[in-house]
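Using UniProt numbering, the letters of the sequence shown correspond one by one to residues 1 to 193.
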Amino acid sequence: MTDDHDAAGAMNFIFEAGVLKRAARTGWWFAGVKQPESIAEHSFRTALIGMMLAAMEGADPARVSMLCVLHDTQETRITDIPHIAKRYLTAVPNTAVTADQVAACPPAVADVITAAVAEYEAGETLEAVVARDADKLECLVQAVEYRHQGIDNVQRWIDSSRAALKTASAHRLADAALNGQPLAWLIPPPQQK
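This is the structure we're talking about:
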């Protein structure tokens, strides 16, 4: 295989991942959110939360962030299937979708991505547990923000996300989200005397 062919295969995956910037998180439509965040926006904050949770839990922040960035990349091909739709649909495993997505990538790239997705899907390493917590915590935080914006029907997302959390740090951050104000960071701290 030529270097140009490898580069073209990698670029195909990069272009495909760009679709996530335009693809909405569809479950929020059921709550009445007319223009929910994109899958890419969700993944960005999930990676940030994952990095922080990893530091708090003693996991590898870089590995967790990578798992978080890749955790929904399959949705370019299968879309963001709402929870209720999963009762009626059988999707292929995310690992199979990922294998198709990276088939034309350079082997080293394909190996890194497929291994990360497999690790996330298996959910057995500390990094995968933390990454999954980051995904659920981001959903909870988004629900809190939507509630502060006047969307009332978000409690089921808060409850299901919170129930799925595994780590103590994720539970502490969930408590802080539920007791906090999304725009509190705009208020300057009191002056020291």
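All residues carry an ideal CB built from backbone N, CA and C; glycine is no exception.
Cβ-based neighbour list, Thr-114, same chain, cut-off 8 Å, excluding 5 preceding and 5 following: Thr-95, Thr-98, Ala-99, Val-102
8 Å contact criterion, which Asp-60 and Glu-127 should meet: CB distance rounded: 6 Å
C-alpha distance - Ile-49 paired with Asp-80, whole-angstrom precision: 20 Å
Other residues of its chain near Glu-121: CB distance less than 6 Å, five sequence neighbours each side excluded: Asn-94, Thr-95
Beta carbon of Leu-140 nearer than 8 Å to that of Ser-161: yes
Buried versus exposed call for Thr-46 [16 or more other C-beta atoms within 10 Å across all chains shown]: buried
Alpha-carbon to alpha-carbon, Lys-34 and Ala-184: 25 Å
DSSP state of Ala-91 mapped onto helix, strand, coil: coil
Proximity of Glu-119 and Leu-173 at Cβ, strictly below 8 Å: no
Cβ-Cβ distance between Ser-169 and Met-51 below 8 Å: no
Alpha-carbon spacing of Tyr-88 relative to Pro-82, whole angstroms: 11 Å
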